[in-house]
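Report on one structure; see the data block that follows.
This is the structure we're talking about:
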């Protein structure tokens, strides 16, 4: 009897096992193997380091905890390849020439000298249909003005996806407020008042070390981050003005002669850093931060808190603030109001699955993405209290540099953290950030040639650009090697060597763009 029951039980187990086995086969296919979850799509991205210390100091960016979290949240196996900030244009040119391209490539614009030939040769996808199908967030949130930018589109065909500038005036004046206070100086407004301030910085030992080592105003090679006094004359060297039915480069307009006369004075009286014609970013940085010797400089309005914190490392008494730019003869001032496009992303034709790159960028406009990009890693950068984010705002340069990994570097597209009011209100020195942004939005010079592709004649004769003959002439005038009137000869020579044709081509572009 016991044997019969045992056999019956065994038969039942086998029958049940048979049913389960059939069920598993039905679920996994004829092979009977367990189904594996689909692997996330791989998207290889080549991008610049943007000069961010945290990024440039990473031993392996793809193993960074923020990058791992980006993969997890976006459900994309993103792999980064970095281009050093100082070598970005050069390396990008070499990369495009070699043809070994990633799935997603950071560019300055489809009309930039490095990228335009590749676009014309069909190296990148036309993205209109892909965006319509796979990028609803991109289409909805990026403004039509930005889509229409020549940095993004060509004859209505989209070749890049933009990161928009939250503030189009991307440079404001920074001043050592502790020096102003010590010397009992009022905040300057006009060019003359600025010059008086710079003289006081040079002559009255505001750092108190008994040495005449202060640098009143410092900038970089080719007047990078140092065009503020040109702006006072509405003569920013890289800008254009539509006047007398022509689009004219600022560097040949009469106002430039006045601006150069002032710069001659600033240079020869050492109110301007005399290394400006050769100075690289790292040396400029070291003077402002580590040595804390610079009284005035110009930079991005988005993070004066970072500048203040870093300058304090060189001088614990330092207090950096932002003030309005010097006003010129017309009562206006401010740097150039630039493109709506900060940077852009193109998809090379070598990418066999361009839709995955679009889906990846589309994710950046999700609430999930914005929470991660603004606040970082839960448990490390913030905690949740009944759904409320308690963010650990950074308090020193290292923490700020780490924060910039998620605030800036990983934000390939999408809204700026500056637009998150609750985030901005809570951070230390949020008031000086708000002040800098207010200044940036209230001043600035219009560039009538914004986003213009380089005119063909200028492409073939780059010496006629800002960094060619004009820079050479400006240096000779400022250093006293040539008189101020040599500017008139420069303008005449520039026009004869091809400048008139450049103006003609630029004007044709302007008229077509504005349907004149």
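Numbering (my numbering), first residue to last: 232 to 747.
From the three backbone atoms N, C-alpha and C, an ideal C-beta is built for every residue, glycine too.
This structure is a prediction, so every number in the text was calculated from the model and none was measured.
Name the DSSP bridge partner or partners of residue 614?
Translated into positions along the chain shown, residue 614 becomes position 383. The partner list for residue 614 (beta bridge, DSSP) reads 621.
Going by CA-CA distance only, name the one from 613, 301, 397 that's closest to residue 534.
The count along the chain shown starts at 1 and reaches residue 534 at position 303. It is 397.
Can you say whether residue 608 is buried or exposed, counting buried as having 16 or more other CB atoms within 10 angstroms of its CB?
Position 377 of the chain shown, counted from the first residue, corresponds to residue 608. Label assigned to residue 608: exposed.
Quick check on this structure: which residue in 565, 716, 697 has the alpha carbon closest to the alpha carbon of residue 405?
In the chain shown, residue 405 corresponds to position 174, counting from 1. Checking every option, the nearest Cα to that of residue 405 belongs to 565.
Taking residue 684 as part of the beta strand (DSSP E), name the residues at either end of that continuous run.
Here the question's residue 684 lines up with position 453 in the chain shown. Looking at the DSSP string, residue 684 is not in any beta strand (DSSP E), and its letter there is neither H nor E.
If we call anything under 9 Å between Cβ atoms a contact, is residue 424 one with residue 436?
Position 193 of the chain shown, counted from the start, is the residue given in the question as residue 424. Position 205 of the chain shown, counted from the start, is the residue given in the question as residue 436. Going by C-beta atoms, residue 424 is not nearer than 9 Å to residue 436.
Over what stretch of residues does the beta strand (DSSP E) that includes residue 283 continue unbroken?
Numbered from 1 along the chain shown, position 52 holds the residue referred to as residue 283. Taken as a continuous stretch (DSSP letters only), residue 283 belongs to no beta strand (DSSP E), as it is neither H nor E.
Whole angstroms is fine: what's the gap from residue 652's alpha carbon to residue 513's?
Here residue 652 refers to the residue found at position 421 of the chain shown. Here residue 513 refers to the residue found at position 282 of the chain shown. C-alpha separation (whole angstroms): 33 Å.
For residue 594, list the residues DSSP reports as bridge partners.
Taking the chain shown and counting its residues from 1, one reaches residue 594 at position 363. Bridge partners of residue 594: none, in fact.
Would you tell me roughly how many angstroms separate the C-alpha atoms of residue 538 and residue 658, rounded to the nearest one?
Position 307 of the chain shown, counted from the first residue, corresponds to residue 538. Position 427 of the chain shown, counted from the first residue, corresponds to residue 658. Straight-line Cα distance between these residues: approximately 15 Å.
Spatial neighbours of residue 288 within its chain, please: C-beta separation below 6 Å, excluding the five flanking residues on both sides.
Taking the first residue of the chain shown as 1, we reach residue 288 at position 57. Answer for residue 288: no residue qualifies.
Could you tell me if residue 402 is buried or exposed, where buried requires 16 or more neighbouring beta carbons within 10 angstroms of its beta carbon?
What you label residue 402 is simply residue 171 of the chain shown in a count that begins at 1. By the neighbour-count rule (16 or more Cβ atoms within 10 Å), residue 402 is buried.
Quick check on DSSP: helix, strand or coil for residue 480?
As a first step, residue 480 is located in the chain shown; it is residue number 249 there, counting from the start. In the structure shown, residue 480 sits in a strand (DSSP, three-state: E or B).
Below 7 Å CB to CB, which residues in the same chain sit around residue 666 once its five sequence neighbours on both sides are set aside?
Locating residue 666 in the chain shown gives position 435, where the first residue counts as 1. Around residue 666: 553.
Considering only residues of the stretch 418-461, which uninterrupted alpha helix (DSSP H) runs meet the minimum length of 4 residues and lie entirely inside it, listed in chain order?
If we require 4 residues or more, the alpha helix (DSSP H) runs fully inside the stretch 418-461 come out as 422-434.
Quick one: any contact between the stretch 273-284 and the stretch 318-335, if contact means 3 or more CB pairs under 8 Å?
Segments in contact, yes.
If you pair each beta-carbon of the stretch 504-511 with each one of the stretch 373-381, do three or more pairs fall below 8 Å?
They do not touch, by the three-pair rule.
Any chance the stretch 595-610 sits against the stretch 515-528, with 3 or more Cβ pairs inside 8 Å?
Because the criterion of three Cβ pairs below 8 Å is not met, the stretch 595-610 and the stretch 515-528 do not touch.
Tell me, to the nearest whole angstrom, how far the beta carbon of residue 400 is from that of residue 675; I am working on the premise that it is less than 8 Å.
Along the chain shown, read from residue 1 onward, the residue named residue 400 stands at position 169. Along the chain shown, read from residue 1 onward, the residue named residue 675 stands at position 444. Yes, residue 400 and residue 675 are in contact; Cβ-Cβ is about 4 Å, under 8 Å.
Quick one: residues in its chain with C-beta nearer than 7 Å to the C-beta of residue 452, no 5 flanking neighbours on either side, listed in chain order?
Taking the chain shown and counting its residues from 1, one reaches residue 452 at position 221. Closer than 7 Å at the Cβ level, and outside the excluded window around residue 452, lie 508, 509, 510, 511.
Quick one: give me the first and last residue of the alpha helix (DSSP H) that residue 653 is part of.
For this step, residue 653 is matched to residue 422 along the chain shown. Segment 652-657, the alpha helix (DSSP H) holding residue 653.
Three or more beta-carbon pairs under 8 Å between the stretch 726-738 and the stretch 678-688, yes or no?
Taking 8 Å as the limit for Cβ pairs, the verdict is that the stretch 678-688 does touch the stretch 726-738.
Buried or exposed: residue 376, going by 16 or more other Cβ atoms within 10 Å of its Cβ?
In the chain shown, counting from the first residue as 1, residue 376 sits at position 145. Under this definition residue 376 is an exposed residue.
Can you tell me whether residue 544 is buried or exposed? The criterion is at least 16 other CB atoms within 10 Å of its CB, across all chains shown.
On the chain shown, residue 544 is found 313 positions in, with the first residue counted as 1. Exposed: under 16 other Cβ atoms inside 10 Å.
Using only alpha-carbon positions, find the residue among 531, 638, 485 that is nearest to residue 720.
If you number the chain shown from 1, residue 720 lands on position 489. Selected option, being the one with the closest Cα: 485.
For residue 495, count neighbouring C-beta atoms within 10 Å of its own C-beta (all shown protein chains included) and say buried if the count is 16 or more, exposed if not.
To locate residue 495, count along the chain shown from 1; it is residue 264. Buried, because 16 or more other Cβ atoms sit within 10 Å of the Cβ of residue 495.
Return yes when the Cβ of residue 603 is within less than 9 Å of the Cβ of residue 286, no when it is not.
By 1-based counting over the chain shown, the position of residue 286 is 55. By 1-based counting over the chain shown, the position of residue 603 is 372. For residue 286 and residue 603, no; Cβs fall outside 9 Å.
Could you check whether the stretch 460-480 touches the stretch 547-562, counting it as contact only if at least three pairs of C-beta atoms, one from each stretch, sit closer than 8 Å?
Yes, the stretch 460-480 is in contact with the stretch 547-562.
Mind checking who residue 510 pairs with in its DSSP beta bridge?
The sequence position of residue 510 within the chain shown is 279, counting from 1. Answer is none; residue 510 lacks a bridge partner.
Taking DSSP's pairing of strands, which residues face residue 277 in a bridge?
Taking the chain shown and counting its residues from 1, the one referred to as residue 277 is at position 46. BP columns for residue 277 point to 312, 336.
Within 8 Å, do at least three Cβ pairs link the stretch 329-349 to the stretch 580-591?
They touch, by the three-pair rule.
Taking the C-alpha atoms as reference points, what is the distance between residue 407 and residue 633?
By 1-based counting over the chain shown, the position of residue 407 is 176. By 1-based counting over the chain shown, the position of residue 633 is 402. Whole-angstrom Cα-Cα distance: 25 Å.
Considering Cα atoms alone, identify which of 315, 648, 620 is closest to residue 282.
Taking the chain shown and counting its residues from 1, one reaches residue 282 at position 51. It is 315 whose Cα lies nearest to the Cα of residue 282.
Helix, strand or coil: how does DSSP classify residue 298 here?
As a first step, residue 298 is located in the chain shown; it is residue number 67 there, counting from the start. Helix.
Below 7 Å CB to CB, which residues in the same chain sit around residue 284 once its five sequence neighbours on both sides are set aside?
Reading the chain shown from its first residue, position 53 is the one you call residue 284. Counting only Cβ-Cβ distances below 7 Å, and skipping sequence neighbours, we find 632.
Taking just the CA atoms, how far does residue 457 sit from residue 572?
For the purposes of this step, residue 572 is taken as residue 341 along the chain shown, with counting starting at 1. For the purposes of this step, residue 457 is taken as residue 226 along the chain shown, with counting starting at 1. Taking the straight line from one Cα to the other gives about 21 Å.
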